[in-house]
Each structure stands twice: as C-alpha cells, then as structure tokens.
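There are 2 protein chains.
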Amino acid sequence: MSGTEERPTALRPTRQRLAITDALREATDFQSAQDIHDALRQGGEKVGLATVYRTLQAMAEAGEVDVRHNPAGEATYRRCSPSHHHHLVCRSCGRTVEITGSAVERWAHAVAEEHGFTDVSHTVELVGLCAECAARHDGPRR
Amino acid sequence: MSGTEERPTALRPTRQRLAITDALREATDFQSAQDIHDALRQGGEKVGLATVYRTLQAMAEAGEVDVRHNPAGEATYRRCSPSHHHHLVCRSCGRTVEITGSAVERWAHAVAEEHGFTDVSHTVELVGLCAECAARHDGPRR
DNA sequence: CCAAGTATTGGGAATCGGTCTCAATCTACC
DNA sequence: GGTAGATTGAGACCGATTCCCAATACTTGG
Numbered sequence: 001m002s003g004t005e006e007r008p009t010a011l012r013p014t015r016q017r018l019a020i021t022d023a024l025r026e027a028t029d030f031q032s033a034q035d036i037h038d039a040l041r042q043g044g045e046k047v048g049l050a051t052v053y054r055t056l057q058a059m060a061e062a063g064e065v066d067v068r069h070n071p072a073g074e075a076t077y078r079r080c081s082p083s084h085h086h087h088l089v090c091r092s093c094g095r096t097v098e099i100t101g102s103a104v105e106r107w108a109h110a111v112a113e114e115h116g117f118t119d120v121s122h123t124v125e126l127v128g129l130c131a132e133c134a135a136r137h138d139g140p141r142r
Numbered sequence: 143m144s145g146t147e148e149r150p151t152a153l154r155p156t157r158q159r160l161a162i163t164d165a166l167r168e169a170t171d172f173q174s175a176q177d178i179h180d181a182l183r184q185g186g187e188k189v190g191l192a193t194v195y196r197t198l199q200a201m202a203e204a205g206e207v208d209v210r211h212n213p214a215g216e217a218t219y220r221r222c223s224p225s226h227h228h229h230l231v232c233r234s235c236g237r238t239v240e241i242t243g244s245a246v247e248r249w250a251h252a253v254a255e256e257h258g259f260t261d262v263s264h265t266v267e268l269v270g271l272c273a274e275c276a277a278r279h280d281g282p283r284r
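Residue numbers (the numbering used here), protein chains in the order written: chain A, 1 to 142; chain B, 143 to 284.
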C-alpha cells in the first residue's frame with residue numbers, strides 16, 4: 001500500500017507470455033487454454049499448463065482478450081476486437097454461421113455508456129434451429 | 143430395433159421434473175443446478191442432484207430453458223423468455239446490471255430469419271469497466 | 001386389478017477443467 | 001556480481017458435472 005507509488009505492475013514480457021500472445025494472434029477463433037497449451041507444444045515452445053491459465057487470466061483481467069464459455073463449459077479466449085463477429089448456431093446439428101452486425105455494436109456501446117461503463121466488449125450468441133433441421137424434425141415434436 | 147415406430151419420447155412428467163420446472167418458474171434469475179437442488183430440498187422436495195442435472199440438460203436441449211455460464215464457470219439456467227433481459231458485467235468488480243433492449247431482440251430475430259433459422263433464442267453479455275472501477279484505476283492504463 | 005416391461009431415480013465413484021502451492025529459475029536493478 | 005522480487009512448472013487439490021447401476025415408479029396388456 002504505502003510503497004513506491006503504484007507502479008502499473010507491467011507484466012514482464014517473458015518468453016512464455018510472448019509465445020501465448022503469439023498463439024492468440026494466430027488464432028482467428030476462441031481457443032481454450034488447453035488448445036493453446038497444445039499448440040504451443042507443437043510449435044516447440046514448452047510452457048506449463050498452469051502458466052497458460054495464469055497468463056490468459058491476467059490478460060482477460062487486463063482487457064486484452066475476451067473470454068467466453070463454450071457449450072462444454074470450458075473457458076475460451078480470443079484477443080480483443082480482431083474482425084469482430086458473432087455466431088448463429090443450430091441447436092440440433094451444430095452448424096454455425098458467422099454474422100456481423102453494426103447494429104448490435106452500436107447498441108452495446110450505447111447501453112454500456114448509459115450505465116457508466118467504459119471499455120466494453122460484448123458477446124452475442126444466437127441459438128436456433130436451422131432450416132434443414134427444422135424440415136427434418138417436421139413432425140412437430142409438440 | 144424394428145419396433146413400434148418412433149415415439150416422440152415425451153418426457154414423463156414425474157414429481158421430480160415438475161418440481162424442477164416449478165423451481166425454475168419461481169426464480170427470476172439464472173440458477174445453477176446446485177442452487178435448484180438446494181431450493182428443492184428446502185421446499186421439502188427430495189430430488190437427487192444427478193436428476194437435477196439430467197433434467198436441466200434435457201430441458202436445455204429441448205429449448206425450454208436458456209443456459210449461461212457465470213464467471214465461476216458454473217452452468218446456470220433460466221426458463222425461456224420470462225421478462226427477458228441481459229447483463230452488463232464489470233470485468234473488475236463483477237457488479238452486474240440487468241438491461242433490456244428490444245432493439246437487440248429485433249435484430250436477433252431478423253438476422254436469424256435471414257439465415258433460415260427459427261425458434262431462436264439469444265445470449266448477449268456486455269463486459270466492461272464500471273464507473274467506480276474506472277475511477278479507481280484512474281491511471282489511464284493506455 | 002395384477003404382472004411384465006421400461007423409463008426414471010439417486011447415491012456415490014469417476015472425470016475433468018481449472019486453481020493453488022512451493023521450490024527452482026530468471027530478470028531487473030543496485 | 002549479488003540480492004530481491006517476479007515467474008515458472010509439476011503435481012496436489014478442488015469443485016462441478018457426468019457416469020454407473022441397482023432400486024423404484026409409471027404404463028400398458030391381459
């Protein structure tokens with residue numbers, strides 16, 4: 001507390017952290033900590049799993065990456081704001097369509113501001129039944 | 143295998159399932175499986191934890207409830223479309239503000255339809271920094 | 001109403017993602 | 001070069017969720 005001022009506690013750019021940031025940069029989609037850990041291994045970089053979790057968590061807290069939970073409940077990460085888009089997923093066959101919508105972007109921003117929030121990112125996921133599956137199930141389940 | 147045709151496999155309305163549906167109806171917010179299990183116990187209904195998980199899962203699959211993962215990673219459930227709202231969460235202190243926005247609702251519906259999807263539900267989550275936390279960190283990180 | 005057949009339940013073990021602990025290692029700075 | 005503090009990584013640990021399987025409840029035919 002009463003110390004040498006508050007230093008921004010800058011994260012030290014260690015080899016491991018750079019590797020993780022890099023892996024994140026390569027990925028275009030949300031990746032689970034384990035995915036990244038695997039990718040790193042394959043790339044020859046040896047990084048402990050705990051470190052991956054720690055770093056990802058720190059980055060999320062710092063607002064450098066967005067977090068999201070996939071259906072399986074795993075936390076997945078993606079670096080902030082690269083070609084930003086959302087997903088429309090079929091709850092039956094899993095088919096996924098990428099969608100963009102400046103309308104939501106604007107709305108999200110406005111709402112956040114209205115409540116005094118800043119530096120806002122958002123996650124939107126639409127889940128429905130795609131045309132094909134709807135046709136297949138045609139027998140109205142209920 | 144070659145039996146009496148495919149029967150819709152309707153879920154049997156057992157005491158347990160009714161109790162769960164009921165508990166879900168009472169709740170206005172997202173509840174974890176364990177929350178529901180507890181509530182049920184308190185209400186005098188004895189239901190196994192496994193059953194709660196199973197039922198909730200089945201209902202989610204049937205589209206009767208929405209699933210969401212709280213920051214802790216737990217899956218939480220809420221019956222579909224009761225006063226529908228979303229959350230604006232502070233990434234620093236966790237404070238949560240409920241928000242509603244017919245604009246998003248409309249957008250979601252329109253986009254889904256455009257891609258041939260029906261029976262769509264959506265999840266929107268805004269994550270940002272609330273005014274207080276922003277003030278505390280006042281040192282403009284960047 | 002009784003019996004057989006099948007879906008459902010529930011307790012506890014097994015999984016599994018994620019976090020925590022702590023000694024060894026590395027960096028920055030004096 | 002030397003010391004303090006940051007970082008790492010292996011494995012123990014933890015809590016949520018799933019799995020297993022015998023006991024139980026509901027359904028339907030006779």
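Just so you know, even glycine gets a beta-carbon here, dropped at the ideal spot from N, CA and C.
Just so it is clear, the structure is predicted and the values come from calculations on it, not from any experiment.
Counting C-beta pairs with one atom in each stretch, the stretch 153-172 of chain B and the stretch 185-197 of chain B have three or more that are closer than 8 Å, which means they touch. Ranked by Cα distance from alanine 50 (chain A), the first of A:Gly44, A:Ala72, A:Ile36 is A:Ile36.
In chain order, Thr118 make up the part of chain A whose C-beta sits under 7 Å from the C-beta of alanine 276 (chain B). Beta-bridge analysis with DSSP links glutamate 125 (chain A) to A:His87, B:Thr265.
Straight through space, the alpha carbons of glutamate 105 (chain A) and leucine 126 (chain A) are spaced by roughly 15 Å.
For the 8 Å CB-CB criterion, threonine 242 (chain B) and histidine 227 (chain B) form a contact.
Taking a Cβ-Cβ threshold of 7 Å, the residues of chain B close to cysteine 130 (chain A) are Gly258, Phe259, in chain order.
Comparing alpha-carbon positions, the option among B:Phe259, B:Met201, B:Gly270, B:Leu230 lying closest to proline 155 (chain B) turns out to be B:Met201.
Pairing glycine 128 (chain A) with valine 189 (chain B) gives a Cβ-Cβ distance that is not under 8 Å. Interface flag for histidine 69 (chain A) against chain B is set, since a Cβ pair is found closer than 8 Å.
In terms of beta-carbon proximity, serine 263 (chain B) lines the interface with chain A, with at least one pair separated by less than 8 Å. The beta-carbon of valine 207 (chain B) is placed no less than 8 Å from the nearest beta-carbon of chain A. If you compare the alpha carbons of A:His109, A:Arg15, A:Val65 with that of glutamate 45 (chain A), the shortest gap goes to A:Arg15. Per DSSP, the unbroken alpha helix (DSSP H) holding glutamate 247 (chain B) starts and ends at 244-256. DSSP, reduced to helix, strand and coil, places threonine 76 (chain A) within a strand of the structure shown.
Leucine 230 (chain B) is not a Cβ neighbour of phenylalanine 30 (chain A), given a cutoff of 8 Å. Counting only the Cα atoms, arginine 167 (chain B) lies some 20 Å from glutamate 216 (chain B). By the rule that beta-carbons nearer than 8 Å mark a contact, glutamate 267 (chain B) touches chain A. Taking the Cα of valine 253 (chain B) as reference, the smallest distance to any Cα among A:His109, A:Val111, A:Ala103 is reached at A:Ala103.
Under DSSP, histidine 69 (chain A) takes part in a beta bridge, and its partners are A:Ala75. A distance below 7 Å between beta-carbons, with the five flanking residues on each side excluded, links valine 266 (chain B) to the following residues of its chain, in chain order: His228, Val246. In the three-state scheme derived from DSSP, where H, G and I count as helix and E and B as strand, glutamate 206 (chain B) is classed as coil. Around the beta carbon of arginine 78 (chain A), a 10 Å sphere encloses 16 or more other beta carbons of the protein chains shown; the residue is thus reported as buried.
At a cut-off of 8 Å between beta-carbon atoms, alanine 254 (chain B) makes contact with chain A. Scanning its chain for C-beta atoms nearer than 8 Å, with the 5 sequence neighbours on each side dropped, one finds around cysteine 80 (chain A) the residues Gly63, Glu64, Val65, Asp66, Ser121, in chain order.
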